[in-house]
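Going by the UniProt record's numbering, the letters in the sequence shown line up with residues 1 to 515, in that order. Structure record follows, encoded as C-alpha cells.
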Amino acid sequence: MPVARTHCAGIVGVAGRLVEVEADVGRGVAGTHFIGLLDTAISEARGRVRSALINSGFAWPDARITVSLFPATLPKRGSIFDLAIAVAVLGAAGAVPAQRIATPAFLGELGLDGRVRPVRGMLPAALAAAQAGVGTIVVPAFNATEAALVPGLTVVPVTSLGELVGWLRAGDLRRLPMVADAASLTGDDDRTEDTSGPDLCDVAGQPMGRKALEVCAAGGHNLWMLGPPGSGKTMLAERLPTLLPPLDQDKALEVSAIHSVAGTLPPGRPLLTRPPFMAPHHSATMAAVVGGGSGGVVRPGAVSLAHRGVLFLDEAPEFATTVLDSLRQPLESGRVTIARAVGTVTFPARFMLVLAANPCPCGLQGTGGHPCRCTPVGRRRYLDRLSGPLLDRVDVKVRIGRATRAELLADRHFVENSATVAERVRQARERAARRLAGTPWHTNAEVSSSALHRRFRLPDTVMAPLHRGLDVGTLSARGLDRVLRISWTLADLAGEDRPGRTETSAALALWLGVD
Numbered sequence: 001m002p003v004a005r006t007h008c009a010g011i012v013g014v015a016g017r018l019v020e021v022e023a024d025v026g027r028g029v030a031g032t033h034f035i036g037l038l039d040t041a042i043s044e045a046r047g048r049v050r051s052a053l054i055n056s057g058f059a060w061p062d063a064r065i066t067v068s069l070f071p072a073t074l075p076k077r078g079s080i081f082d083l084a085i086a087v088a089v090l091g092a093a094g095a096v097p098a099q100r101i102a103t104p105a106f107l108g109e110l111g112l113d114g115r116v117r118p119v120r121g122m123l124p125a126a127l128a129a130a131q132a133g134v135g136t137i138v139v140p141a142f143n144a145t146e147a148a149l150v151p152g153l154t155v156v157p158v159t160s161l162g163e164l165v166g167w168l169r170a171g172d173l174r175r176l177p178m179v180a181d182a183a184s185l186t187g188d189d190d191r192t193e194d195t196s197g198p199d200l201c202d203v204a205g206q207p208m209g210r211k212a213l214e215v216c217a218a219g220g221h222n223l224w225m226l227g228p229p230g231s232g233k234t235m236l237a238e239r240l241p242t243l244l245p246p247l248d249q250d251k252a253l254e255v256s257a258i259h260s261v262a263g264t265l266p267p268g269r270p271l272l273t274r275p276p277f278m279a280p281h282h283s284a285t286m287a288a289v290v291g292g293g294s295g296g297v298v299r300p301g302a303v304s305l306a307h308r309g310v311l312f313l314d315e316a317p318e319f320a321t322t323v324l325d326s327l328r329q330p331l332e333s334g335r336v337t338i339a340r341a342v343g344t345v346t347f348p349a350r351f352m353l354v355l356a357a358n359p360c361p362c363g364l365q366g367t368g369g370h371p372c373r374c375t376p377v378g379r380r381r382y383l384d385r386l387s388g389p390l391l392d393r394v395d396v397k398v399r400i401g402r403a404t405r406a407e408l409l410a411d412r413h414f415v416e417n418s419a420t421v422a423e424r425v426r427q428a429r430e431r432a433a434r435r436l437a438g439t440p441w442h443t444n445a446e447v448s449s450s451a452l453h454r455r456f457r458l459p460d461t462v463m464a465p466l467h468r469g470l471d472v473g474t475l476s477a478r479g480l481d482r483v484l485r486i487s488w489t490l491a492d493l494a495g496e497d498r499p500g501r502t503e504t505s506a507a508l509a510l511w512l513g514v515d
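Printed below as a string of C-alpha cells:
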C-alpha cells in the first residue's frame, strides 16, 4: 500500500512537539479518515485540504484515505497541520515524490483556494522541529521571519500549495532560489526593537518613587505604590521596563515563543529583545490574567505574556479578589498551571509585579484642599481587597504623594534619564550574577530562603534591625527573607560586597513602606 510520511509540529501550552504525519491511499470504500487525538479544527482539515488540492489543479484520490498523526497520545489542536496533511496525501497518491517530503517539516493553514495562510505558534513549532533534528521547514511566507529566528534552520516560505508542489517536483528544497536562511530573512535590524518611548526623566517630583524603581529593577523585586490619582504611579510603572537589561538570545526566544502562541508578536520584528510590559484592565477575567480558555484551547494570560518583564495592575483593589489571589502561585514558582478536562498545561510566568492603588475609593485621602468622602469602613474594605498573603509577596512598598510646584521645580535638577539609571542597574545585576554564579538564580529576588540563611548569612549585628521586627511582630518569616533580598540589592547598587546595617535598615523601611 502506498504510504507517505512527513512532519509537522503541534503546540502544547507554549512548547512545540514534533508530529509525524502519515497518509495511506489504499483500497476500500472511498472516504477520508483522520486518527490521532484530534480537535475540531483538525477534523475539519479534510474539507480544507480537499478543496485546496482541487482548486490548485490536483486530483483528489478516489480511494480510502487514512491520515494518522503520531504520537497518537499527544493532543493536537489548530490548523497548523493542514499543509503537512496535504503534502502527505499528495505523496501517498504519487503526485509528489514521497522521499522528498520525508525529511522537511511542513507547517501552515490552507485556504480553500490553495493559499497558505499564517498560523499562531510558529516560533515554538520551529524550535521543536530544530530540536528534533529537522533541518528544513516549509512555512507560510508571512511566518517566515518568525521561523527564521531559530538558529541552524533552513526556512522555505511559500504562498500557495501549487507553488510548493512545483518545487517538490522540481528537486531538493534546499537547492531552490526561494529558500532563505535565518540571517537573510531577519537581518540585524529585525533582531532589535525600537527602544524609544517613556523615559524616567519625565517623572519629576517623585524621588522616592524613582529610587524604588531602581531598586526593583536591580534585584527583580515586586513593587506596591500607594498614592492619590495624578501623583505619577502609572508613569513610574511604565518606565520600569526601560531600566531593565535587554533579554539575551535564549530569553528573547522564550518570551517571543509565548507571544507567538498568543498571536501578539509585532509584524516584521518577531524577536522581543526588550522585557515585555503588560497592564490588563481591572475588569479582566481570571482567564485573561492567569490564562485559560474554552473548547479545549488553553491560551497564556497576562502573567505569561509578562514573563521576564513587568505585570502592572493599576487600580489593583478594583480587580476581582480571585484574580489577585491567583497571582500568589506564579509569584512563588515562576509558572502557572491551568487544569482543564482535556489536560493540564503549564505556562512560564516569572515576572515583576507592580501594584498601584489609591488610598481610598475616592482617592482623595491625605490630599490638601480636597476632603475625602469615604467612610472609615469603606477605606478599610477597599484596601483589604489586597490580601495579606499577596502583599507579603511584594518586596518594596512606597507612598507616592502629589508633588507641589516647588517640589517639581526643585526635583528637575536631580532627575536622571533611564539610560543613566539602567547603567547602574546593569552594574548591580553583574555583581549579583558573579555572586550567584553556579546557582540556579539570576537576581536577588530569586534566591531561596535556605541560601539566604546559610550561604549568604549576615552577621547578627547587621541583622539586629530585622530581629527586632521579628520580636515585635512587624516582620514575618517570609517578610524577613524579602528584606534580606532587598538588602543584597542595595549593597549591589552601592558597590559593596555584602550588606551592612545601613542596607538592612533601609531594606526594612522599603518593606514596611506603606503599612
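Here a beta-carbon is modelled for each residue, glycine too, at the ideal position from N, C-alpha and C. None of the values given here were measured: they were computed from a predicted structure.
Residues near residue i by beta carbon distance below 6 Å, same chain, minus five either side
i       : result
Asp-189 : Residue confidence for Asp-189 is low, a pLDDT of 44 falling below 50, so the modelled location carries little weight; the figure read from the coordinates is stated next. Same-chain partners within the cutoff: there are none.
Val-345 : Gly-13, Val-298, Ile-338
Val-415 : Cys-201, Ala-204
Asn-444 : Gly-219, Ala-432, Arg-485, Trp-488, Thr-489
Arg-239 : Pro-198, Leu-200
Val-289 : Pro-280, Gly-301, Ala-302, Val-323
Leu-244 : Ala-217, Pro-275
Ala-102 : Arg-5
Delimiting residues of the beta strand (DSSP E) encompassing residue i
i       : result
Ala-357 : 352–357
Gly-309 : That residue, Gly-309, is in no beta strand (DSSP E); it is neither H nor E in DSSP.
Pro-157 : 154–158
Gly-400 : Per the sequence presented here, residue 400 reads as Ile, with Gly not at that position. Neither: Ile-400 is in no beta strand (DSSP E) and is coded neither H nor E.
Ala-339 : 335–340
Val-345 : 343–348
Nearest-angstrom Cβ-Cβ length linking residue i and residue j, presumed shorter than 8 Å
i           : j       : result
Gly-108     : Asp-82  : 6 Å
Ala-93      : Val-67  : So it is not a contact: roughly 12 Å between Cβ atoms.
Leu-265     : Leu-149 : So it is not a contact: roughly 10 Å between Cβ atoms.
residue 523 : Arg-117 : Nothing in the structure corresponds to residue 523, since the chain is present only between 1 and 515.
Gly-16      : Leu-112 : The pair is not a contact, with the Cβ atoms about 27 Å apart (cut-off 8 Å).
Ala-105     : Gly-78  : With 8 Å as the limit, Ala-105 and Gly-78 do not qualify as a contact, their Cβ atoms being about 15 Å apart.
Boundaries of the alpha helix (DSSP H) in which residue i is found, first to last residue
i       : result
Pro-465 : 460–472
Cys-216 : 207–219
Ala-506 : 501–512
Pro-376 : 376–383
Arg-424 : 418–435
Ala-170 : 161–170
Val-323 : 321–325
His-7   : Unbroken run through His-7 is the beta strand (DSSP E), 3–12; no alpha helix (DSSP H).
Val-289 : 286–290
Trp-488 : 477–494
His-453 : 449–453
Pro-280 : No alpha helix (DSSP H) holds Pro-280; DSSP gives it neither H nor E.
Leu-391 : 388–391
Own chain, CB closer than 8 Å to residue i, minus 5 neighbours either side, in chain order
i       : result
Arg-175 : Note on Arg-175: pLDDT 49, under 50, position unreliable in the model; the coordinate value appears next. Taken in chain order, the list of residues that qualify is empty.
Ser-43  : Phe-34
Val-501 : Reading off the sequence shown, one finds Arg at residue 501, where the question assumed Val. Excluding residues within five positions, the ones whose Cβ falls inside 8 Å are Thr-461, Val-462, Ala-464, Pro-465.
Cβ shell of residue i (< 7 Å), same chain only, five flanking positions each side left out
i       : result
Leu-37  : Ala-72, Thr-73, Leu-74, Pro-75, Lys-76
Pro-330 : Val-303, Val-336, Ala-349
Pro-246 : Thr-273, Arg-274
Glu-163 : none
Ala-506 : Leu-490
Trp-60  : Arg-50, Leu-53, Ile-54
Arg-120 : Ser-260, Val-261, Gly-263
Ser-184 : Residue placement at Ser-184 cannot be trusted, given a pLDDT of 47 that sits under 50; the coordinates are not used to answer.
Ala-306 : Pro-276, Met-278, Phe-351
Arg-402 : Pro-228, Gly-230, Ser-231, Thr-367
Thr-159 : Arg-115, Val-116, Ala-141
Residue-level contact to chain D via CB, residue i, 8 Å cutoff
i       : result
Pro-300 : This model lacks chain D altogether; it includes just one protein chain.
Whole beta strand (DSSP E) runs in the segment 221–254 with 3 or more residues, listed along the chain?
If we require 3 residues or more, the beta strand (DSSP E) runs fully inside the segment 221–254 come out as 223–226.
Runs of 3 residues minimum, wholly inside the segment 57–145: which ones carry the beta strand (DSSP E) assignment?
Segments of the beta strand (DSSP E) lying fully in the segment 57–145: 64–70, 136–140.
Please give me, in chain order, every unbroken run of the beta strand (DSSP E) with length at least 3 that falls completely inside the segment 15–52.
DSSP runs (the beta strand (DSSP E)) wholly in the segment 15–52: 15–26, 31–35.
Does the segment 340–351 come close enough to the segment 381–397 to have 3 or more Cβ pairs within less than 8 Å?
No, the segment 340–351 is not in contact with the segment 381–397.
Would you call the segment 22–32 and the segment 272–283 in contact, with 3 or more CB pairs under 8 Å?
Contact between the segment 22–32 and the segment 272–283 is absent, with fewer than three C-beta pairs closer than 8 Å.
Spell out a yes or no on whether the segment 228–241 and the segment 250–266 are touching, meaning 3 or more CB-CB pairs, one atom from each, closer than 8 Å.
Because the criterion of three Cβ pairs below 8 Å is not met, the segment 228–241 and the segment 250–266 do not touch.
Below 8 Å, can you find three or more Cβ-Cβ pairs linking the segment 424–438 to the segment 465–484?
Counting Cβ pairs under 8 Å, fewer than three are found: no touch.
Does the count of Cβ pairs from the segment 208–220 and the segment 314–322 closer than 8 Å reach three?
By the Cβ test, the segment 208–220 is not in contact with the segment 314–322, since fewer than three Cβ pairs between them sit closer than 8 Å.
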